[in-house]
Every structure is written in C-alpha cells, then in structure tokens.
Amino acid sequence: MERSSSPFWRYILFQIPGWTLALIAAWWLQTSQDIPVWMAISLPLGWFVKDMVLYPFLRSAYAPHDSLPIERLIGSRGYAIETLTPSGYIRIGSELWRAEADVEKVERDATVEVIGAKGMILRIRIAQDTNELPTPSRND
C-alpha cells in the first residue's frame, strides 16, 4: 500500500481512533445527556478540523526517515564552544554536541562542519567555506 507511507496518510491513520472516540462521545452525549443535535455534530467536526489544522506542524514527525537522527546532522555547521584537542563540545543551533575533530586542535569559536558520527559523538572538520558562518552566542 503505497499511500500509507506518505506523511499525510500516516497522519490520517493515526487520527482515526480519536475521530471514532469523538463520534461515540457525541452520540452518547446526544442520546443520554440530551444535548442539541448541532452540538453533537460540532464535536467530531471540530475534532477533525483541529487535526487538519495541526497537520502542517506535525508533518515532519510522520515522514519516514531512512537515517538515524544523528546522521541527519552530517553537513550541518556549528562552532566550537571550547578549544577542541581534538575532542570537546560544539554548538549546532541551540544544541551542544560532543565532537571529535579530524585535526589536532580546533580553536574556540571556529566554524566547524559535521562529516560523520560515531555513536553519539560527531566527527567534525574546520569548515572550508565560511560564507555562511553560524554566529557564536557568548551566552555559554
């Protein structure tokens, strides 16, 4: 079934139990609690609309990934928050990562590029093209 592998269809399949519960709750409220029909209809309809509004924000979580999360960092740029001799910590975005350089020493605030991963340790090199430098934040 090719369609179920797309993020949209995966998302829809995960929402079906919630929609079923919303329909059952609406039916129960309308029959036993005597709520108006328009309210019983609006409960599952509102639930469906909520799920469709949230889909764009959750799409990436439902997309199939061929690689491990740490492997997706390969090619990312960051900077050294300390002098790496040859291992230490780097910052990529808002995250700190333990890294091991391919050279003996990487100076603090040097721009680095991820070239691989070994377990949870990133393998890095000093970035060659520094046109798109990440800006080091001095809040370390």
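Note that this note's numbering has the sequence shown beginning at 60, numbered continuously upward. The beta carbon of each residue, even a glycine, is placed where N, CA and C say it ideally should be. For clarity, every value in this text was computed on a predicted model and none was experimentally measured.
Buried or exposed: which applies to residue i, given that a residue is buried once 16 or more other Cβ atoms fall within 10 Å of its Cβ?
i       : result
Thr-170 : buried
Pro-76  : exposed
Arg-150 : buried
Ala-85  : buried
Trp-97  : exposed
Closest by CA to residue i, which one among the options?
i       : options                            : result
Asp-161 : Ser-126, Gly-175, Pro-115, Leu-113 : Gly-175
Glu-166 : Ser-153, Pro-145, Pro-123, Lys-177 : Pro-145
Ile-140 : Ala-81, Phe-73, Pro-115, Leu-155   : Leu-155
Ser-153 : Leu-143, Gly-147, Tyr-138, Thr-142 : Tyr-138
If residue i sits next to residue j, beta carbons under 8 Å apart, how far is it from one beta carbon to the other, in whole angstroms?
i       : j       : result
Trp-87  : Pro-103 : In fact, because the Cβ distance is near 12 Å, the residues do not count as touching under 8 Å.
Arg-182 : Glu-159 : 6 Å
Helix, strand or coil for residue i? Go by DSSP, reduced to three states.
i       : result
Lys-164 : coil
Ser-135 : coil
Give me the Cα-Cα distance between residue i and residue j, rounded to the nearest whole angstrom.
i       : j       : result
Trp-126 : Leu-132 : For clarity, residue 126 is Ser in the given sequence; the question names Trp instead. One C-alpha to the other measures close to 10 Å.
Ser-63  : Arg-69  : Below a pLDDT of 50, predicted positions are generally treated as unreliable, and Ser-63, at 49, falls in that range; the measurement from the model is reported next regardless. Cα to Cα, the separation comes out at about 5 Å.
Pro-115 : Gly-105 : 17 Å
Gly-134 : Lys-164 : 20 Å
Ala-99  : Ala-81  : 9 Å
Gln-74  : Ser-101 : 17 Å
Val-108 : Pro-128 : 31 Å
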